[in-house]
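Heads up: the protein sequence lines correspond to chains A and B, in order. For the first sequence, the working numbering begins at 1206 and goes up steadily by one. For the second sequence, the working numbering begins at 1206 and goes up steadily by one. Even for Gly, the Cβ is constructed at its ideal location relative to N, Cα and C. Keep in mind the model is a prediction, meaning the values are calculated, not measured.
There are 2 protein chains.
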Amino acid sequence: MSRKRKDQIVIVGGGFGGLYAVHSMKNSPVEVTLIDRRNFHLFQPLLYQVATGGLSPEDIASPLRSVLKNQKNARVLSGQVIDIDPQRQVVILEDGHEVAYDALIIATGASHHYFGRDAEWEAHAPGLKTIEDAIKIRRRVLLAFEAAERERDPDRRRALLTFVIVGGGPTGVELAGALGELAQHTMREEFRSIDTTEARINLIEGLDRILFAYPEDLSAMAAQALGEVGVTVQTNKLVTDIADDHVLMKDTQTGEQTLIPTYTVLWGAGVKASPLGEVLARRSGAELDSAGRVMVGPDLTVGGHPDIFVIGDLAHFAHQTGQPLPGVAQVAMQMGQYVADVLRRRRFDKEVRPFRYKDKGMLAVIGRNRAVADIGRLHFGGFMAWLIWVFVHIGFLIEFDNKVKVMTQWGWNYVTRRQGARLITGETAPVWLQLPIEREAAVEKAEL
Amino acid sequence: MSRKRKDQIVIVGGGFGGLYAVHSMKNSPVEVTLIDRRNFHLFQPLLYQVATGGLSPEDIASPLRSVLKNQKNARVLSGQVIDIDPQRQVVILEDGHEVAYDALIIATGASHHYFGRDAEWEAHAPGLKTIEDAIKIRRRVLLAFEAAERERDPDRRRALLTFVIVGGGPTGVELAGALGELAQHTMREEFRSIDTTEARINLIEGLDRILFAYPEDLSAMAAQALGEVGVTVQTNKLVTDIADDHVLMKDTQTGEQTLIPTYTVLWGAGVKASPLGEVLARRSGAELDSAGRVMVGPDLTVGGHPDIFVIGDLAHFAHQTGQPLPGVAQVAMQMGQYVADVLRRRRFDKEVRPFRYKDKGMLAVIGRNRAVADIGRLHFGGFMAWLIWVFVHIGFLIEFDNKVKVMTQWGWNYVTRRQGARLITGETAPVWLQLPIEREAAVEKAEL
């Protein structure tokens, strides 16, 4: 290494993986460039709380520049990487701008997909990956209650108060639980014509139990806790159609079809890797799995390029258990730290050991004070699991600022059962007009 | 009044006027229906803080249902009033739905206008009346800094770091001050290629001083305080053109034209009354002033209809001073309380006295810890004025929840000079591409 020119490390994506990689290079004699399309890190595990009005987007997002302000060897570049040239060692941004690297770390994650029905289903069933998604879901859910309050036709009112969540993984379970809490408690006394506790919340899962990645006893505990906040769990059901005013599903055992009239469908199912994986495959010869994730080597490099790493949700790492590691923050964070360590070891010509994921356990929360925890050999649910969940999540919030905000907000929500962030925003037009509600003229009666 | 049927009071608009009217009827034997297009009350005096990343929208907005949860004689109806029939005593919603009233209070406020140039200027120079406006301004301002960080051409970089705020009223002054604070302090060490303190912030005012509604000495104090956070105040200047990459203005004294190259123009000027004023004029024979405000009688009724009141920014009330009262929260709040009192007095056949506005003073804030205050005979500026401003504003936040949040957030921002709410959101596409930046390919140098 020359004394003049420091190694250029380029990291694409400011999620858990990318940010932990940057942080882990704090004291290294390198220059780090973090490239992201967005100007903030998003704490995705709490996104469902924004979607259900418990937290504001600003509570769970931190400006990347603010996070890295004091790390003098790091700079942030706002941009979208559209191409990679492994021969010339540059990444290419959307405007043609090129950024040269000595080592490249790709951590652009994943988004949802609709099993090949993206075009038809996306408009009806928003997923939950970005802040804009969360605000859209919040708007859809709240507008359904508003429309129900105005609706006089009992069938349409029932359909407006019916919610379907597709996918019984952690996202679906947490969304359903928070929605149940909202209907059963938070909004209970706020309407005059409807009873929000009559809302029907259906959680649809294709396999025979929810939280399939968890032990069976925890799936059962979660299903029971969901039942207590009014959520109906429907397993062995595949969604076959989603339309404006209904969802069609098929029982995987009996083949029986069921139609649920509803105006609000939320998507917590399929995950699709970032399109940068495909670019990388084309350019570097890396292989992709069926979900578009990049097959990485034991040291997280790809396609025989020792200078290109893929980490986080975009990486398919199966060298440890034979199965790909789950797409959770813990995995991404440990991978980010590992790559920083690999680069350090290389500088000192030290031996590089393969990546090993240390599973610190899994947590999923249901409603106001229940959760399920799978920590080592311990499986448990209830209030204790919820408390652990709260502290783990507050602990991992990136900035101290956010920790204080979320703690205050949660404390307040917990004590009052209120959720002040229930704003219908994002479109200035009165959006409830878009709900297919028949127009009728009738003098409003005071008795309503 | 029959014992069976209570008087129906319909209030349109959940701003300060409408909400204070509802609250003041808490113990009255009436049924109140509050109709609003949005599902929340917005604390507009702090909207500029959202626009500059100091607070989140959720901090300054409260769901109307949550605010009125415990007022059992009030209900909230989500809807947009598009017509009024004074003969049949009904208001008509956008879907044809009619709501009958015994007394109607219209409090739909005002928005900005562009002196007849709405179509051309609105896209270039967003105003600040809604949460969506604030998020749009936040995005525009932050994107300009992001684009400047990437820009190598010195002229374009300078234009990207030039901000123009049109209108030297309280909105313009507070926006300019907060923007100055952002550039001079908050973001100071966050960029690597640009020096944010070199940002040029121009506040353009057509009259010969800013804060024209305030005493002259306070205008001077405000201009000086603005200068200290890097804002250039330009008085006697009329904006004659706004385009993608520049603003053209003309000196009202010399006629001299000046062109300012800039990509970020914010609008704090003209105010236009809500279109419901026009509907009311057509239907009730009420008169409008040139800004579209409804001329109200001494008791705030209009057009000889004792059952129709107009309050807040939509009302032109000149019976006290010969001049219309200013469009501030205090006026709207007092009007809302007054109308509730009028209706109470009528029930008891008591004499109704004309509305009198009690001026409790005016405050405008500049940057982090300066403000100007005009309270009775006291005119003062500096830190004391700022402290008063802080406590007055926290005190008036509608819900206790918001008070706690804003207090925590402000305390944190004050101590750290950070502002965590600086998110570029609202459009998933990488929006900086829309800035007219020449595409060029050049290998990024480490020296940057």
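Spatial neighbours of residue i in its chain, beta-carbon cut-off 7 angstroms, leaving aside the 5 residues before and after
i: residue 1392 of chain A; result: 1350 and 1401
i: residue 1394 of chain B; result: none
i: residue 1320 of chain B; result: 1475
i: residue 1445 of chain B; result: 1453, 1454 and 1455
i: residue 1234 of chain B; result: 1211
i: residue 1470 of chain A; result: 1329, 1330, 1369, 1371, 1447 and 1452
For residue i, the residue or residues it bridges with in DSSP
i: residue 1267 of chain A; result: A/1246
i: residue 1499 of chain B; result: B/1493 and B/1520
i: residue 1302 of chain B; result: In the DSSP output, where bridge partners are listed per residue, residue 1302 of chain B has none listed.
i: residue 1221 of chain A; result: For residue 1221 of chain A, which the question treats as bridged, DSSP gives no partner whatsoever.
i: residue 1567 of chain A; result: A/1579
i: residue 1442 of chain B; result: B/1456
i: residue 1477 of chain A; result: A/1316
i: residue 1280 of chain B; result: B/1238
i: residue 1463 of chain A; result: A/1454
i: residue 1407 of chain B; result: B/1369 and B/1437
i: residue 1213 of chain A; result: A/1236
i: residue 1297 of chain A; result: A/1288 and A/1303
For residue i, the first and last residue of its enclosing alpha helix (DSSP H)
i: residue 1379 of chain A; result: 1375-1386
i: residue 1589 of chain A; result: 1587-1601
i: residue 1455 of chain B; result: Where residue 1455 of chain B is concerned, there is no enclosing alpha helix (DSSP H), although the beta strand (DSSP E) it sits in stretches over 1451-1456.
i: residue 1350 of chain A; result: 1336-1355
i: residue 1426 of chain A; result: 1421-1433
i: residue 1392 of chain A; result: No alpha helix (DSSP H) contains residue 1392 of chain A, which DSSP labels as neither H nor E.
i: residue 1256 of chain A; result: 1252-1256
i: residue 1546 of chain A; result: 1534-1552
Through-space distance from residue j to residue i, alpha-carbon basis
i: residue 1436 of chain A; j: residue 1429 of chain A; result: 9 angstroms
i: residue 1552 of chain B; j: residue 1376 of chain A; result: 55 angstroms
i: residue 1333 of chain B; j: residue 1582 of chain A; result: 55 angstroms
i: residue 1303 of chain B; j: residue 1595 of chain B; result: 42 angstroms
i: residue 1189 of chain A; j: residue 1329 of chain A; result: Because chain A in this structure spans residues 1206 to 1653, residue 1189 of chain A falls outside the shown range and cannot be described.
i: residue 1317 of chain B; j: residue 1340 of chain B; result: 16 angstroms
i: residue 1311 of chain B; j: residue 1213 of chain B; result: 14 angstroms
i: residue 1492 of chain B; j: residue 1237 of chain B; result: 27 angstroms
i: residue 1611 of chain A; j: residue 1525 of chain B; result: 47 angstroms
i: residue 1599 of chain A; j: residue 1608 of chain A; result: 6 angstroms
i: residue 1629 of chain B; j: residue 1399 of chain B; result: 19 angstroms
i: residue 1405 of chain B; j: residue 1368 of chain B; result: 6 angstroms
i: residue 1438 of chain B; j: residue 1407 of chain B; result: 6 angstroms
i: residue 1514 of chain A; j: residue 1348 of chain B; result: 29 angstroms
i: residue 1528 of chain B; j: residue 1388 of chain B; result: 38 angstroms
i: residue 1222 of chain A; j: residue 1216 of chain A; result: 9 angstroms
i: residue 1572 of chain A; j: residue 1494 of chain A; result: 35 angstroms
i: residue 1390 of chain A; j: residue 1313 of chain B; result: 31 angstroms
i: residue 1219 of chain B; j: residue 1244 of chain B; result: 9 angstroms
i: residue 1423 of chain A; j: residue 1381 of chain A; result: 16 angstroms
i: residue 1450 of chain A; j: residue 1413 of chain A; result: 26 angstroms
i: residue 1291 of chain B; j: residue 1378 of chain B; result: 41 angstroms
i: residue 1593 of chain B; j: residue 1337 of chain A; result: 37 angstroms
Residues near residue i by beta carbon distance below 8 angstroms, same chain, minus five either side
i: residue 1442 of chain A; result: 1409, 1410, 1411, 1454, 1455, 1456, 1457 and 1463
i: residue 1287 of chain B; result: 1297, 1298, 1299 and 1484
i: residue 1652 of chain B; result: Because the pLDDT at residue 1652 of chain B is just 30, under 50, the model does not fix this residue reliably, and the value given afterwards should be weighed accordingly. Hits under 8 angstroms: none found.
i: residue 1603 of chain B; result: 1224, 1246, 1248, 1267 and 1272
Spatial neighbours of residue i in its chain, beta-carbon cut-off 6 angstroms, leaving aside the 5 residues before and after
i: residue 1224 of chain A; result: 1246
i: residue 1647 of chain B; result: With a pLDDT of only 31 at residue 1647 of chain B, under 50, the local geometry of the prediction cannot be trusted, and the value read off the model is given with reservation. So no residue of the chain qualifies.
i: residue 1649 of chain A; result: Because residue 1649 of chain A carries a pLDDT of 33, less than 50, the predicted location of this residue cannot be relied on, and the following value inherits that uncertainty. Once the five neighbours on either side are set aside, residue 1649 of chain A has no close Cβ partner at all.
i: residue 1426 of chain B; result: 1577 and 1586
i: residue 1307 of chain A; result: 1212 and 1213
For residue i, the first and last residue of its enclosing beta strand (DSSP E)
i: residue 1320 of chain B; result: That residue, residue 1320 of chain B, is in no beta strand (DSSP E); it is neither H nor E in DSSP.
i: residue 1654 of chain B; result: An answer regarding residue 1654 of chain B cannot be provided, because it is not within the stretch 1206 to 1653 covered by chain B.
i: residue 1400 of chain B; result: Taken as a continuous stretch (DSSP letters only), residue 1400 of chain B belongs to no beta strand (DSSP E), as it is neither H nor E.
i: residue 1309 of chain A; result: 1308-1311
Residue i Cβ short of 7 angstroms to the ligand HEM heavy atom set
i: residue 1281 of chain B; result: Annotation note on the ligand HEM: not contained in the displayed structure, which lists no ligands.
Determine which residues of the region 1596-1620 of chain A have a Cβ less than 8 angstroms from any Cβ of chain B, and write them out in chain order.
1604, 1606, 1607, 1609, 1610, 1613, 1614 and 1617
Members of the region 1324-1338 of chain A that neighbour chain B once the beta carbon cut-off is set at 9 angstroms:
1335, 1336, 1337 and 1338
Against chain A: residues of the region 1229-1256 of chain B by CB proximity under 7 angstroms:
1236, 1242, 1243, 1244 and 1245
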